[in-house]
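Asker: Numbering (our numbering), first residue to last: 1 to 414. Next up is a structure, given as structure tokens.
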Ligand SMILES: Cc1ncc(COP(=O)(O)O)c(C=O)c1O
């Protein structure tokens, strides 16, 4: 292929990379013509919840306004309270961490494995204390965590597991969908996810009481109990609108096909870059099937002398918007945490949390340090086809080869 020819890749920010069509329009029309956008007396959100639960083979699903709201609602359902510690990953979206602080609890970070980018039973174990009240596991980039040892560890300590499945639609571990291992799972339908409602989220659970608490919690604590209607406990309004429900319902029908298309085109990319030295995809557990939200390539900087940032810059010139490092720093190095910017100058809940927390330095998190040093994230969508996979692969090869040649010839780029 001519590596000088620029191909414009599908983007999840417009219709080139998103799958909206008559199905969404028809359901949206139904909502508008019916005149009700409110989910409680509505039918789109309840239908979406039912269909989502059925797809996951669980009895309960609760739609909410975002992935952040889904994590927050799940923590509310788990009754997380001030003084609690929640073990989680330092490489994730802030929307999965901030809700912990809003519950008055503090995040305690487990290291990630540099080659899967996920936390594991081995990295979670040393973080468990008598104050730990839950574990959040994030299947980053759609790559399933090693769930059996994590669930065994959680059972040993009688801790609930919240699966953050925002990036892992229809990914499986040992033939079972991730999101069905833990006590509760949280999804995001933000614009760039495997399926989208613009903003939105879903919680699933097989535990009827947790599911009931999630429903009540995300509806200002109102229980809709005909015998004893009340604001049963503190909660927020995270209700999804019927408009989002309509789009979600239509998107859900397309989800298996969209996921299949992603996995197939990422497979083509991986086949074509297989022989590039020092460039490979994050490790997937042998009994897991990842569904690649984005493509996390790991660059062996020591082997090839080329950094993810250099490849990012080279790819940018040919309109491939790769990102070195995914998040630029671990969560605990963001100002929100280093400066404890929470509630004005109270620093609460940190100020009330007198028990020692693990030191938040990169030496303490070698897996996280190495993962962020090596990872190069390639955006992907369900509309990427063979020509796009070939283009991205060949451009990665061209950039790596030119950088390597330049470093061999003393810095003069060829
Ligand atoms: C792993 C993870 N958790 C939570 C969230 C928060 O979701 P939202 O942006 O819908 O609030 C995201 C969003 O990117 C995410 O990737």
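Beta carbons: idealized from backbone N, C-alpha and C, even for Gly.
Write down the C-beta distance between residue 141 and residue 293 rounded to the nearest angstrom, noting that I regard them as a contact closer than 8 Å.
Answerer: For the purposes of this step, residue 141 is taken as residue 141 along the chain shown, with counting starting at 1. For the purposes of this step, residue 293 is taken as residue 293 along the chain shown, with counting starting at 1. So it is a contact: roughly 5 Å between Cβ atoms.
Asker: Can you pull the DSSP bridge partners for residue 138?
Answerer: Residue 138 sits at position 138 when you count from the first residue of the chain shown. According to DSSP, residue 138 bridges with 164.
Asker: Excluding five sequence neighbours on each side, which residues of the same chain lie with their C-beta closer than 6 Å to the C-beta of residue 417?
Answerer: As displayed, the chain neither begins before 1 nor continues past 414, which places residue 417 out of reach and without an answer.
Asker: Please look up how many angstroms separate the CB atoms of residue 115 and residue 123, rounded, as I've assumed it's under 8 Å.
Answerer: In the chain shown, residue 115 corresponds to position 115, counting from 1. In the chain shown, residue 123 corresponds to position 123, counting from 1. Not confirmed; about 13 Å, so no contact.
Asker: Hey, would you say residue 300 sits closer than 8 Å to residue 191, going by beta carbons?
Answerer: Position 300 of the chain shown, counted from the start, is the residue given in the question as residue 300. Position 191 of the chain shown, counted from the start, is the residue given in the question as residue 191. Contact: no.
Asker: Out of 329, 330, 328, 311, which one is the CA nearest neighbour of residue 321?
Answerer: The residue given as residue 321 occupies position 321 in the chain shown. Taking only the C-alpha atoms, the option nearest residue 321 is 311.
Asker: One question on the structure: do residue 73 and residue 203 come within less than 8 Å of each other, judged by their Cβ atoms?
Answerer: As a first step, residue 73 is located in the chain shown; it is residue number 73 there, counting from the start. As a first step, residue 203 is located in the chain shown; it is residue number 203 there, counting from the start. Yes, they are a contact pair.
Asker: Who are residue 159's beta bridge partners in DSSP?
Answerer: Within the chain shown, residue 159 is the residue found at index 159, counting from 1. None, per the DSSP bridge assignment.
Asker: Nearest CA to the CA of residue 273: which residue from 178, 363, 401?
Answerer: Position 273 of the chain shown, counting from 1, holds the residue named residue 273. Cα-wise, what sits closest to residue 273 is 401.
Asker: Can you have a look at residue 19 and say buried or exposed, based on whether 16 or more other CB atoms are within 10 angstroms of its CB?
Answerer: To locate residue 19, count along the chain shown from 1; it is residue 19. The residue in question, residue 19, is buried, as its Cβ has 16 or more Cβ neighbours within 10 Å.
Asker: Do you know how far the Cα of residue 251 is from the Cα of residue 172?
Answerer: The residue labelled residue 172 in the question sits at position 172 within the chain shown. The residue labelled residue 251 in the question sits at position 251 within the chain shown. Residue 172 and residue 251: Cα-Cα distance of roughly 20 Å.
Asker: Report yes if the C-beta of residue 199 is less than 7 Å from at least one heavy atom of ligand 1; otherwise report no.
Answerer: As a working mapping, residue 199 is identified with position 199 in the chain shown. Under cutoff, so the answer is yes.
Asker: So, does the region 278-287 touch the region 216-223, judging by three or more C-beta pairs under 8 Å?
Answerer: The region 278-287, when compared against the region 216-223, does not touch it at the 8 Å Cβ threshold.
Asker: Classify residue 376 as helix, strand or coil using the three-state DSSP reduction.
Answerer: Within the chain shown, the letter at position 376 stands for residue 376. If DSSP states are grouped into helix, strand and coil, residue 376 belongs with the strands.
Asker: Out of 318, 358, 361, 344, point me to the one whose CA is closest to residue 388's CA.
Answerer: Here the question's residue 388 lines up with position 388 in the chain shown. That would be 318, whose Cα lies nearest to the Cα of residue 388.
Asker: With a 10 Å radius around its C-beta and 16 neighbouring C-beta atoms as the bar for buried, classify residue 403 as buried or exposed.
Answerer: In the chain shown, counting from the first residue as 1, residue 403 sits at position 403. Label assigned to residue 403: buried.
Asker: Since residue 254 is in the beta strand (DSSP E), which residue starts that stretch and which ends it?
Answerer: Against the chain shown, residue 254 aligns to sequence position 254. No beta strand (DSSP E) contains residue 254, which is instead part of the alpha helix (DSSP H) from 242-273.
Asker: Please check the pair residue 436 and residue 247, which I expect to be a contact at CB under 8 Å, by giving their CB distance rounded to whole angstroms.
Answerer: Because the chain spans 1 through 414 in this model, residue 436 falls outside it and cannot be assessed.
Asker: List in chain order: all unbroken beta strand (DSSP E) runs of 3+ residues lying wholly within the region 320-379.
Answerer: The region 320-379 contains these whole beta strand (DSSP E) runs: 375-378.
Asker: Tell me the DSSP secondary structure of residue 217 in three-state form.
Answerer: Here residue 217 refers to the residue found at position 217 of the chain shown. Helix.
Asker: When you compare only the Cα positions, how much space is there between residue 369 and residue 358?
Answerer: Taking the chain shown and counting its residues from 1, one reaches residue 369 at position 369. Taking the chain shown and counting its residues from 1, one reaches residue 358 at position 358. Each residue's alpha carbon lies about 16 Å from the other.
Asker: What is the DSSP secondary structure of residue 147, counted as helix, strand or coil?
Answerer: For the purposes of this step, residue 147 is taken as the residue at position 147 of the chain shown. If DSSP states are grouped into helix, strand and coil, residue 147 belongs with the helices.
Asker: Apart from the five residues just before and just after residue 367, which ones in its own chain have a Cβ nearer than 6 Å to its Cβ?
Answerer: The residue you call residue 367 lines up with position 367 of the chain shown. The answer, listed in chain order, is 111, 112, 113, 114.
Asker: Note down, in chain order, each residue of its chain lying with its Cβ closer than 7 Å to the Cβ of residue 290, except the 5 sequence neighbours on either side.
Answerer: Locating residue 290 in the chain shown gives position 290, where the first residue counts as 1. Cβ neighbours of residue 290 beyond the five flanking positions: 142, 143, 144, 171, 284.
Asker: To the nearest angstrom, how far is the alpha carbon of residue 89 from that of residue 107?
Answerer: Start at 1 with the first residue of the chain shown, and residue 89 comes out as number 89. Start at 1 with the first residue of the chain shown, and residue 107 comes out as number 107. Between residue 89 and residue 107, the C-alpha separation is close to 9 Å.
Asker: Should residue 61 be counted as a contact of ligand 1 given a C-beta to heavy atom distance under 7 Å?
Answerer: By one-based count along the chain shown, residue 61 stands at place 61. Not so, every heavy atom of ligand 1 lies at least 7 Å from the Cβ.
Asker: Verify the contact flag: residue 67, CB atom, against every heavy atom of ligand 1, threshold strictly below 7 Å.
Answerer: Numbered from 1 along the chain shown, position 67 holds the residue referred to as residue 67. Residue 67: yes, Cβ under 7 Å from ligand 1.
Asker: DSSP beta-bridge partners for residue 231?
Answerer: Walking along the chain shown from the start, residue 231 turns up at place 231. Paired residues: 222.
Asker: Along the chain, where does the alpha helix (DSSP H) that runs through residue 405 open and close?
Answerer: For the purposes of this step, residue 405 is taken as the residue at position 405 of the chain shown. 386-408 is the extent of the alpha helix (DSSP H) around residue 405.
Asker: Measure the alpha-carbon distance for residue 377 versus residue 295 and round it to whole angstroms.
Answerer: On the chain shown, position 377 is the one that residue 377 refers to. On the chain shown, position 295 is the one that residue 295 refers to. Cα to Cα, residue 377 sits roughly 5 Å from residue 295.
Asker: Going by the CB atoms, is the gap between residue 168 and residue 477 shorter than 8 Å?
Answerer: Here the chain comprises residues numbered 1 to 414, so residue 477 is not present and cannot be evaluated.
Asker: So, for residue 51: in the same chain, excluding its five sequence neighbours on each side, which residues have a beta-carbon less than 7 Å away from its beta-carbon?
Answerer: For the purposes of this step, residue 51 is taken as the residue at position 51 of the chain shown. Counting only Cβ-Cβ distances below 7 Å, and skipping sequence neighbours, we find 249, 252.
Asker: Identify, in the order they occur along the chain, each residue of the same chain with its Cβ nearer than 7 Å to the Cβ of residue 413, setting aside the five sequence neighbours on each side.
Answerer: If you number the chain shown from 1, residue 413 lands on position 413. Unreliable positioning characterises residue 413 in this predicted model, as indicated by a pLDDT of 46, which lies under 50. A coordinate reading is not provided.
Asker: How is residue 109 classed by DSSP in three states: helix, strand or coil?
Answerer: By 1-based counting over the chain shown, the position of residue 109 is 109. Residue 109: strand per DSSP, three-state reduction.
Asker: Secondary structure at residue 74, three-state DSSP: helix, strand or coil?
Answerer: Against the chain shown, residue 74 aligns to sequence position 74. If DSSP states are grouped into helix, strand and coil, residue 74 belongs with the helices.
Asker: Just tell me which of 235, 408, 360, 62 has its CA closest to the CA of residue 102.
Answerer: Counting from one through the chain shown, the residue named residue 102 turns up at place 102. Closest by alpha carbon: 235.
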